[in-house]
Amino acid sequence: MVDLIQEIYGTIMRNKLRTALTGFSVAWGIFMLIVLLGAGNGLIHAFEGQSEDMLMNSMKIYPGYTSKPFQGMQEGRSISLDNRDRELSATAFPEHVIATGATVSQSDVTLTYGKEFLSIGVDGVFPNYPELEAMKLKEGRFINERDMAERRKVMILHEKTVGMLFPQGHAIGKYVNASGVGYQIVGVYKDQNSFSPTALVPFTTLQTVYSKGDSIDNITFTTKGLTNEADNDAFEADYRRMLGSQKQFDPSDDSAIWIWNRFTQYLQQQTATKILHIAIWVIGIFTLLSGIVGVSNIMLITVRERTHEFGIRKALGAKPLSILRLIISESVTITTFFGYLGMVAGIAVTEYMNMVAGKQTMDMGVFSMTFFENPTVDLSIAIEATLTLIIAGTLAGLFPALKAVKIRPIEALRAD
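No gaps in the numbering here: position 241 of the sequence shown is 241 in the UniProt record's numbering, and each next residue is one more.
Right, here's the structure in full:
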């Protein structure tokens with residue numbers, strides 16, 4: 001064993017530059033694979049984090065404009081939603097709809113507290129709103145049924161809004177003026193993806209204060225028994241037929257109402273994640289293959305250069321297995337050593353990325369989105385990739401070794 005190690009060491013030292021270049025290609029391959037996996041995981045973790053608190057079995061219905069004529073009525077008609085549509089959504093599909101909610105909005109409301117003021121949108125929501133949206137109550141309480149029944153003037157503010165209106169940070173129990181209407185702050189909420197944070201008030205309060213009648217801006221409901229995209233598509237078609245008969249539009253008219261199906265979005269996100277994973281692995285594997293080809297080439301060159309030596313060994317009685325073991329051992333040594341260096345360097349770079357850019361968030365006042373998070377690779381995956389590289393390196397050395405074994409002593413002795 002010692003003689004084998006010394007012989008491999010001697011061969012490598014006689015060809016330092018060639019071995020270093022080959023080893024670099026091996027290390028670069030595993031390094032790039034790990035870095036690409038880490039960067040891909042950063043994007044995937046950000047995608048998953050954006051929707052981790054959002055119910056995937058929910059749908060949101062928005063009104064639109066008809067794009068097809070229906071029963072003598074022209075296209076271009078505005079479709080509106082009202083309380084009856086929400087109630088019908090809750091009762092028409094008892095086997096699929098669990099709970100319903102709705103939102104009615106008032107834009108450009110000026111909130112004032114002392115000398116501080118800002119313009120904001122106000123949403124009237126149901127008590128089950130936190131169960132349907134990606135938001136969490138940070139402090140205080142949320143809207144309850146009594147607020148709805150008594151049309152109380154209570155308000156829940158986003159944490160960023162609180163920071164603007166209340167420099168001291170404490171808002172619970174205080175009153176704000178909303179374009180002439182006083183509201184008591186009873187809660188503060190936060191969310192992960194706040195494009196335009198709004199103030200939340202009881203649904204019935206906003207309808208009354210701003211004379212909205214029974215109109216609503218959107219309907220939200222959670223579903224059950226819809227486990228795949230085909231089931232969801234069938235339910236959407238049934239829902240369009242139901243609402244089409246109620247609102248007088250063609251059920252095949254996708255412009256009349258817009259359905260945001262979060263389960264379909266989730267499936268699309270999963271598909272995109274798989275495609276990203278596959279793309280990263282394909283790029284990484286081809287990068288690894290370049291290193292493996294380099295190892296195979298250097299072994300072929302080694303066999304050619306040592307043909308005379310192998311002939312002498314065979315003439316002196318060396319067994320083919322000993323020559324086979326020598327070539328493969330050299331290949332495995334180069335692949336293992338430089339593969340390990342590449343793995344360590346790759347893990348170090350992903351950890352550094354995590355340290356300096358582990359949670360990249362785009363924040364522009366009212367706009368906030370996490371687009372890169374935790375760009376690291378599990379140690380087990382890095383080790384598995386390195387072991388795969390070592391096995392491939394063994395196979396890369398096998399073919400040159402078999403060529404060396406097949407050399408006849410008399411031909412090898414004649415070789416230059």
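No residue lacks a Cβ here, since even glycine has one placed at the ideal position from N, Cα and C. Since the structure is predicted, the reported quantities are computational estimates derived from the model, not experimental observations.
The C-beta of Asp108 has fewer than 16 other C-beta atoms within 10 Å across all chains shown, which makes the residue exposed. Unbroken alpha helix (DSSP H) runs of no fewer than 4 residues, entirely contained in the segment 188-276, are found at 203-209, 229-247, following chain order. A direct Cα-to-Cα measurement between Ala178 and Val209 gives close to 11 Å. If you draw a 10 Å sphere on the C-beta of Lys314, you find 16 or more other C-beta atoms in it, and that means buried. Out of Glu229, Pro202, Gln168, Thr336, the CA that lies nearest to the CA of Gln265 is found in Glu229.
Take Thr394, set aside five residues on each side of it, and the residues of its chain with a beta-carbon closer than 8 Å to its own are Ile328, Ser331, Val332, Thr335, in chain order. For Val162, the enclosing alpha helix (DSSP H) begins and ends at 159-165. Taking a contact to require three or more Cβ pairs closer than 8 Å, the segment 89-100 and the segment 137-152 do not qualify as touching. With three or more CB-CB distances shorter than 8 Å, the segment 278-298 counts as touching the segment 33-40. The shortest CA-to-CA distance from Ser78 to any of Lys319, Asp231, Ala256 is the one to Ala256.
Phe203 has its alpha-carbon roughly 14 Å from the corresponding atom of Pro130. Non-local C-beta neighbours of Gly163 in its own chain, meaning closer than 7 Å and more than five positions away in sequence, are absent.
Around the beta carbon of Arg325, a 10 Å sphere encloses fewer than 16 other beta carbons of the protein chains shown; the residue is thus reported as exposed.
Burial state of Pro375 is buried, judged by a 10 Å Cβ sphere holding 16 or more other Cβ atoms. The beta carbon of Glu75 is closer than 7 Å to those of Thr66, Ser67, Lys68, Pro69 in its chain, skipping five residues each way along the sequence.
A residue is called buried when at least 16 other Cβ atoms come within 10 angstroms of its Cβ; Gly339 meets this threshold and is buried. Taking 8 Å as the cut-off, the beta carbon of Ile98 is found closer than this to the beta carbon of Thr222. If you draw a straight line from the Cα of Ile285 to the Cα of Gly29, it comes to about 8 Å. Under the criterion of beta carbons closer than 8 Å, Leu341 and Ala134 do not qualify as touching, at roughly 43 Å.
Distance check between Pro127 and each of Met353, Gly121, Val154, Asp253 places Val154 closest, using alpha-carbon atoms only. In the three-state reduction of the DSSP assignment, Asn177 falls in the strand class. With a beta-carbon spacing of about 27 Å, Asn57 and Asp214 fall beyond the 8 Å limit used to define contacts. Between Arg86 and Ile219, the C-beta spacing is below 8 Å.
The DSSP-derived three-state label of Leu316 is coil. If you draw a straight line from the Cα of Ser211 to the Cα of Val104, it comes to about 11 Å. By the 16-neighbour rule on beta-carbons within 10 angstroms, Pro167 is exposed. Listed in chain order, the non-local C-beta contacts of Gly244 below 6 Å within the same chain comprise Pro251, local neighbours out to five positions each way being set aside. Here the alpha carbon of Gly64 sits roughly 24 Å from the alpha carbon of Ala199.
A distance below 8 Å separates the beta carbons of Lys190 and Lys138.
For Pro63, the enclosing beta strand (DSSP E) starts and ends at 58-63. Val356 and Gly42 have their alpha carbons spaced roughly 13 Å apart. Minimum Cα-Cα distance from Gly169 among the listed residues Val181, Ile185, Gly180 corresponds to Ile185.
Gly121 sits in a strand when the DSSP states are folded into three classes. In this structure, the alpha-carbon of Leu276 lies about 23 Å from that of Leu387. Sixteen is the threshold: since fewer than 16 other Cβ atoms of the shown chains lie within 10 Å of the Cβ of Ala20, the residue is exposed.
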